[in-house]
Amino acid sequence: RLRQSQLWMYYKRI
Amino acid sequence: MFEARLAQGSIFAKVIEGLRELVTEATWECSGNGITLQAMDSSHVALVSLVLRSDGFETYRCDRNMSLGISLTSMSKVLKMMGKDDTLTIRVNDDSDAIVLSMESQNQEEFAEYELRLMDLDSEHLGIPDTDYSCVVKMPSTKFSRICRDMAILGDSVTICSTKDGVKFGAKGDVGQGSIRLNQSTNVDKEEDAVSIELREAVALTFAVRYLNMFCKAAPLSNQVNLSMSEDTPLMCEFKVGDMGHIRFYLAPKIED
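What follows is the structure in structure tokens.
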């Protein structure tokens, strides 16, 4: 099944 | 002091309409270069990044860098009071906790001024790397809006598949399934009607259609939208704001569990 990923997983927080 | 004047105030109103469904409040960063804003939606799935360069304003003055916490919901309500051909001036006086919006009718017979209290907001900032996307689809923004609206009828997600020949949007759900395929334009009279695809690698990505529909609120700003995609990377959905900047929306793709 598909689940929604979050942007945190792609861009590191400064 | 900060003061920026826009002859076509309606552009600014369209920017706010484009943002306010995704983020209800945000911090505006004002500097000599212009105004920027970066904000995530509350679920941390999507992000918006706005740039309005100072040279796009009729007059622009920013004596020192300022961070302005603004309720976009309230600002949108105030901007609804603006006439469609009004000139808009945004001002923040030194040591003030309010932003002043002045609207002047084209015949200079009517002048309105509204003050909005500034907010103290926690702002989070993401470092968005420059990305060489595998595929960039450019298409009319009205067409993109219509497709996203239609896909939402069928399901929660839309899968965008792009090859060198065309781009396909597909959705499926309880009621059924459907897809729309657009071929790359070969011959168009008007550039704004064209569908064009720059492709290094074919991509197939799935996104929550609800967010794409929120991004489409910015479609009135620009005739064309750019969709930049790579596998396992957030989508970048960009609308230009005239010659003065852009609104870029980033959306994390859905992934297989």
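The listed protein sequences correspond, in order, to chains W and D.
Here the first sequence is numbered in the working numbering, starting from 1 and rising by one per residue.
Here the second sequence is numbered in the working numbering, starting from 1001 and rising by one per residue.
Cβ atoms here follow ideal geometry from the backbone N, Cα and C, with glycine treated the same way.
Just so it is clear, the structure is predicted and the values come from calculations on it, not from any experiment.
1. Which partner residues does Trp-8 (chain W) have in the DSSP bridge list?
2. Cβ atoms of Leu-1182 (chain D) and Val-1195 (chain D): under 8 Å apart, would you say?
3. Can you check the segment 1076 to 1113 of chain D for any beta strand (DSSP E) of at least 3 residues that lies completely inside it and give the ranges in chain order?
4. Could you check whether the Cβ of Leu-1118 (chain D) sits closer than 8 Å to any Cβ belonging to chain W?
5. Quick check: what's the CA-CA separation for Ala-1046 (chain D) versus Ser-1105 (chain D)?
6. Given Gly-1083 (chain D), which residues of its chain have a CB within under 6 Å of its CB, disregarding the five upstream and five downstream residues?
7. Checking the sheet assignment: what are the DSSP bridge partners for Cys-1148 (chain D)?
8. Does Ser-1141 (chain D) come out as helix, strand or coil in the three-state DSSP assignment?
9. By DSSP, does Ile-1011 (chain D) sit in helix, in strand, or in coil?
10. Look up Arg-1064 (chain D) in the DSSP assignment and say whether it is helix, strand or coil.
11. What span of residues does the alpha helix (DSSP H) with Val-1051 (chain D) cover, start to end?
12. By DSSP's criteria, His-1246 (chain D) is part of a beta bridge. Which residues make up the other side?
13. Identify whether Ser-1134 (chain D) lies in helix, strand or coil by the three-state DSSP scheme.
14. Against chain W, with Cβ distances strictly below 8 Å, would Met-1040 (chain D) count as a contact?
15. Do the segment 2 to 13 of chain W and the segment 1063 to 1080 of chain D meet, that is, are 3 or more Cβ pairs less than 8 Å apart?
16. Determine contact between the segment 1198 to 1216 of chain D and the segment 1241 to 1255 of chain D, defined as no fewer than three beta-carbon pairs at a distance below 8 Å.
17. Hey, is the segment 1168 to 1183 of chain D in contact with the segment 1146 to 1157 of chain D, meaning 3+ C-beta pairs nearer than 8 Å?
18. Exposed or buried, which one is Val-1175 (chain D) when buried takes at least 16 other CB atoms within 10 Å?
19. Quick one: using the 10 Å Cβ neighbour count with 16 as the cut-off for buried, is Arg-3 (chain W) buried or exposed?
20. Would the beta-carbon of Thr-1089 (chain D) fall within 8 Å of that of Ser-1102 (chain D)?
In short:
1. According to DSSP, which records beta bridges pairwise, Trp-8 (chain W) is partnered with nothing at all.
2. yes
3. 1087 to 1092, 1098 to 1104
4. no
5. 37 Å
6. Ser-1105
7. None, per the DSSP bridge assignment.
8. helix
9. helix
10. Assignment of Arg-1064 (chain D) by DSSP, reduced to helix, strand and coil, places it in the coil class.
11. Per DSSP, Val-1051 (chain D) belongs to no alpha helix (DSSP H); it is in the beta strand (DSSP E), 1046 to 1053.
12. D:Val-1051, D:Lys-1240
13. coil
14. The beta carbon of Met-1040 (chain D) sits closer than 8 Å to some beta carbon of chain W.
15. no
16. yes
17. yes
18. exposed
19. Counting Cβ neighbours within 10 Å, Arg-3 (chain W) comes out exposed, since fewer than 16 surround it.
20. yes
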